[in-house]
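Reviewing the structure listed below.
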Amino acid sequence: MARRSLQPIYWDGDAVMIVDQRVLPHKDKVLRCTTPRQVIQAIKKMAIRGAPAVGIAGAMALALGAQSITAADPKTFRRKFVGLCDRVRAARPTGNNLGWAVEAVYSVAVENPDADVPTLQRLIREKSQQILEEDIAINRAIGRWGRQVIPKGARILTYCNAGALATGDYGTALGVIRAAFEADPTVHVTCCETRPFLQGSRLTAYELLHEGIPSTLITDNAAGSLMQQGKIDVVVVGADRIAANGDTANKIGTYTLAALARANGIPFYVAAPRSTIDPTIANGSAIPIEERDPKEVTHFNGRRVAPKEMAAHNPAFDVTPNKLITGIITEVGILKRPYRKNIRQALEQA
Numbered sequence: 001m002a003r004r005s006l007q008p009i010y011w012d013g014d015a016v017m018i019v020d021q022r023v024l025p026h027k028d029k030v031l032r033c034t035t036p037r038q039v040i041q042a043i044k045k046m047a048i049r050g051a052p053a054v055g056i057a058g059a060m061a062l063a064l065g066a067q068s069i070t071a072a073d074p075k076t077f078r079r080k081f082v083g084l085c086d087r088v089r090a091a092r093p094t095g096n097n098l099g100w101a102v103e104a105v106y107s108v109a110v111e112n113p114d115a116d117v118p119t120l121q122r123l124i125r126e127k128s129q130q131i132l133e134e135d136i137a138i139n140r141a142i143g144r145w146g147r148q149v150i151p152k153g154a155r156i157l158t159y160c161n162a163g164a165l166a167t168g169d170y171g172t173a174l175g176v177i178r179a180a181f182e183a184d185p186t187v188h189v190t191c192c193e194t195r196p197f198l199q200g201s202r203l204t205a206y207e208l209l210h211e212g213i214p215s216t217l218i219t220d221n222a223a224g225s226l227m228q229q230g231k232i233d234v235v236v237v238g239a240d241r242i243a244a245n246g247d248t249a250n251k252i253g254t255y256t257l258a259a260l261a262r263a264n265g266i267p268f269y270v271a272a273p274r275s276t277i278d279p280t281i282a283n284g285s286a287i288p289i290e291e292r293d294p295k296e297v298t299h300f301n302g303r304r305v306a307p308k309e310m311a312a313h314n315p316a317f318d319v320t321p322n323k324l325i326t327g328i329i330t331e332v333g334i335l336k337r338p339y340r341k342n343i344r345q346a347l348e349q350a
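Letter by letter, the sequence shown follows residues 1 to 350 in UniProt numbering.
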């Protein structure tokens with residue numbers, strides 16, 4: 001497989017370039033977005049996905065929109081920009097990083113009350129690039145912390161895709177795995193296919209092969225059997241939103257894996273930046289769960305596989321209770337129980 005950067009989003013002049021993850025691994029296609037609407041559609045249609053990457057895309061959508069706002073005075077600019085922020089924030093509801101990024105970019109307009117319109121446009125563009133660059137540095141820090149919990153020769157299970165393609169680059173859960181592999185090339189990774197969108201078989205498998213990390217793909221429903229047979233030593237997954245008490249929303253099926261890991265005495269770690277933590281949500285019951293098109297379940301590659309009259313339920317995420325989580329790997333350390341206290345302290349760190 002030819003080696004190339006896996007960075008899923010970047011600036012090319014005044015355009016936002018997004019790797020279309022819907023056609024990977026069989027086709028390399030890059031979407032050239034010149035309007036915020038195009039980026040928002042890429043988020044909604046899952047051309048770009050993964051909470052950190054979606055946050056970066058949201059920031060870049062705001063930068064594109066800021067450039068196109070016609071306003072002679074800063075007050076009018078700010079009023080129009082607020083409306084754009086609301087549209088971007090609504091693109092996907094479950095992940096916290098999108099709302100976090102929107103607030104971070106909007107703060108530029110708030111913190112520069114005397115700036116004229118061209119200056120605000122420049123500062124917003126610079127902020128979007130800063131969010132991208134900081135995400136990459138954060139992922140590498142997560143990897144450095146996380147490799148400490150990976151035993152030598154470990155057989156690691158991961159789920160969905162929390163790699164370079166789901167972030168600015170490098171990855172969260174896969175960042176931990178990359179860092180562990182750099183220190184110990186004897187580790188082996190088992191990745192689940194992740195129905196119904198197949199992020200595991202299409203994207204995680206692609207990234208593992210790209211990095212030369214020994215790996216095996218399994219069906220989602222094979223994970224419990226491997227755990228029962230003693231063939232998994234540790235589970236590492238990403239996250240889309242973490243509540244103040246440590247309850248974690250991630251791709252649907254994560255809760256099942258956490259329960260299976262607990263039943264088989266296997267450590268279960270979540271890897272995520274602090275921007276994924278939502279301190280305004282007390283526990284997982286308040287996390288909004290996105291419902292996606294039932295056709296993702298009833299159809300495969302555009303072809304119906306279920307009976308025509310069959311209804312389908314397609315929640316994109318589930319919530320893993322904090323009692324099933326061994327630790328939350330962040331850029332400032334590995335958070336353990338009591339989660340509410342340690343999460344609060346982690347968020348207070350500079």
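Just so you know, even glycine gets a beta-carbon here, dropped at the ideal spot from N, CA and C.
- By the Cβ-count criterion, Ala239 is buried, with 16 or more other Cβ atoms from all chains shown falling within 10 Å of its own Cβ.
- Less than 7 angstroms divides the Cβ of Arg89 from the Cβ of Val102.
- Take the alpha-carbon of Trp11 and the one of Thr167: they are about 15 angstroms apart.
- Each residue's CA atom was taken as its position, placing Leu24 and Ala115 some 43 angstroms apart.
- Counted as a single uninterrupted DSSP element, the alpha helix (DSSP H) harbouring Tyr255 occupies residues Thr254 to Ala263.
- Shown here, Cys160 sits in coil according to DSSP, grouped into three states, outside any helix or strand.
- The alpha-carbon of Asp20 is positioned some 27 angstroms away from that of Phe81.
- For Pro151, the number of other beta carbons within 10 angstroms of its own is below 16, and it is reported as exposed.
- A direct Cα-Cα distance of roughly 45 angstroms separates Gly83 from Glu182.
- A straight line joining the alpha-carbon of Ala312 with that of Asn250 spans about 20 angstroms.
- The criterion of a C-beta distance shorter than 7 angstroms is not satisfied by Trp145 and Ile9.
- Linking Pro321 to Ala154 through their CA atoms gives a straight-line distance of about 25 angstroms.
- Taken in chain order, the whole beta strand (DSSP E) runs of length 3 or more contained in the segment 100-161 are 155-158.
- Nearest neighbour of Arg195 by Cα position, chosen from Pro52, Lys295 and Pro93, turns out to be Lys295.
- Within a 10 Å sphere around the beta-carbon of Leu31 sit 16 or more other beta-carbons, which makes this residue buried.
- Less than 7 angstroms separates the beta-carbon of Val108 from that of Ile124.
- Closest in alpha carbon position to Gly284, among Thr298, Ala261, Ile242 and Lys336, is Ile242.
- Here the alpha carbon of Val234 sits roughly 13 angstroms from the alpha carbon of Leu174.
- Residue environment for Ser225: exposed (fewer than 16 other C-beta atoms within 10 angstroms of its C-beta).
- Here Gln148 is exposed: its Cβ has fewer than 16 other Cβ atoms, across all protein chains shown, within 10 Å.
- Per DSSP, the beta-bridge partners of Glu291 are Pro315.
- DSSP places Ile343 within a helical segment (H, G or I) once states are collapsed to three.
- Per the coordinates, the alpha-carbon of Ala179 lies some 13 angstroms from the alpha-carbon of Asp169.
- In the three-state reduction of the DSSP assignment, Ser275 falls in the helix class.
- Per DSSP, Leu203 is not a residue of any alpha helix (DSSP H), being assigned neither H nor E.
- One Cα belongs to Phe197, the other to Lys45, and the distance between them is close to 11 angstroms.
- Secondary structure note for Met46: it is in no beta strand (DSSP E), with a DSSP letter that is neither H nor E.
- At a Cβ-Cβ threshold of 7 angstroms, Phe317 and Ile252 count as neighbours.
- Arg262 places its beta carbon less than 7 angstroms from that of Leu324.
- The beta carbon of Ala47 sits closer than 7 angstroms to those of Ile18, Asp20, Gln21, Arg22 and Leu31, all from its chain and outside the five residues before and after it, given in chain order.
- For Asp220, the secondary structure class from DSSP, reduced to helix, strand or coil, is helix.
- The Cβ atoms of Ala223 and Leu257 lie closer than 7 angstroms to each other.
- Contact check for Val319 and Asp247: beta-carbon distance about 6 angstroms, within the 8 angstroms limit, so the pair qualifies.
- Contact annotation: Tyr269 and Gly327 have beta-carbon atoms nearer than 7 angstroms.
- Looking at the DSSP output, Cys33 sits in a beta bridge with Val16.
- Judged by DSSP in its simplified three-state form, Ile177 adopts helix.
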